[in-house]
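A short worksheet on the structure shown next.
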Amino acid sequence: MVLIDIAIPLALYFSLKNVIGVVYALIVSGAPPFLFVVYTAIAKRTVDLLGCIICLSFVLSGVVSIVSGDARAALIRDSAAKGVIGCMFLITLLPIRTRWLTLKPLTYIMSVQMLSEALCTYTDKDGKVHSMNVCEWQWEHIRYFRISMYGQTAAWGFLLVMELVSVVLMVKSTLTVDEIVIYNNILTSVITSTMI
122 MVLIDIAIPL ALYFSLKNVI GVVYALIVSG APPFLFVVYT AIAKRTVDLL GCIICLSFVL
182 SGVVSIVSGD ARAALIRDSA AKGVIGCMFL ITLLPIRTRW LTLKPLTYIM SVQMLSEALC
242 TYTDKDGKVH SMNVCEWQWE HIRYFRISMY GQTAAWGFLL VMELVSVVLM VKSTLTVDEI
302 VIYNNILTSV ITSTMI
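Under this note's numbering, the first residue of the sequence shown is numbered 122, with each subsequent residue one higher.
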């Protein structure tokens with residue numbers, strides 16, 4: 122993941138910025154993570170909600186970057202997508218329960234999707250055999266698992282929104298575009314490695 126999300130985009134950006142320009146180099150450098158999301162969706166034959174949001178934000182921000190022609194706007198576009206995803210993490214923390222919808226933390230929803238094949242089979246006290254998704258079983262029976270999912274969702278949401286704030290501050294500062302690209306990728310890798 123580090124290779125696709127950080128190393129290849131940095132290599133593409135620095136090798137292409139003098140050839141095709143900073144804005145187009147930023148757009149091309151965002152392609153590997155985008156293509157990986159598309160490949161994963163096709164290979165697993167499932168629609169990943171988070172992946173769709175990333176793909177949509179990549180396409181929209183690429184169009185905005187090309188139309189504006191501003192390298193700093195292109196830098197904010199990537200972080201804006203992360204900020205939107207961070208807000209989605211935080212929204213799923215709201216205690217909304219209706220007949221049609223019960224919000225659960227986004228990390229739980231993603232865990233259920235990733236572990237959809239992992240089943241927990243157990244026998245209840247009446248001798249009846251039950252089978253359900255491991256994450257769903259843990260959600261129902263392990264209080265610490267629920268607390269952990271809420272904590273992870275809050276942390277991801279907060280860090281992704283703060284990453285957007287930090288990039289906006291860097292763009293508004295006197296840093297060069299190259300410095301912002303480097304610092305932003307370092308920040309992204311630190312956030313990702315901290316949360317994983």
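From the three backbone atoms N, C-alpha and C, an ideal C-beta is built for every residue, glycine too. The structure displayed is predicted, hence computed values, not measured ones.
Measuring C-alpha to C-alpha distances from residue 284 to each of 197, 165 and 162 identifies 197 as the nearest.
Under the 10 Å beta carbon count, residue 203 is surrounded by 16 or more other beta carbons and is classified as buried.
Linking residue 189 to residue 195 through their CA atoms gives a straight-line distance of about 9 Å. By the C-beta criterion, the stretch 218 to 231 is judged not to be in contact with the stretch 292 to 301, since fewer than 3 inter-stretch pairs fall below 8 Å. As a beta-bridge residue in DSSP terms, residue 240 pairs with 254. Residue pairing from DSSP places residue 223 in a beta bridge opposite 218.
Inter-residue distance for residue 275 and residue 131 is about 29 Å (C-alpha atoms, whole angstroms). Residue 192 counts as buried, since at least 16 other C-beta atoms from the protein chains shown sit within 10 angstroms of its C-beta. The beta-carbon distance between residue 211 and residue 224, rounded to whole angstroms, is 11 Å. This is too long to meet the 8 Å contact definition.
Beyond the five residues adjoining it in sequence on each side, residue 270 comes within less than 6 Å, by CB distance, of 226, 228 and 229 in the same chain, given in chain order. Nearest C-alpha to residue 313 among 298, 278 and 184: 278.
Annotation: residue 309 to residue 315 spans about 10 Å, alpha carbon to alpha carbon.
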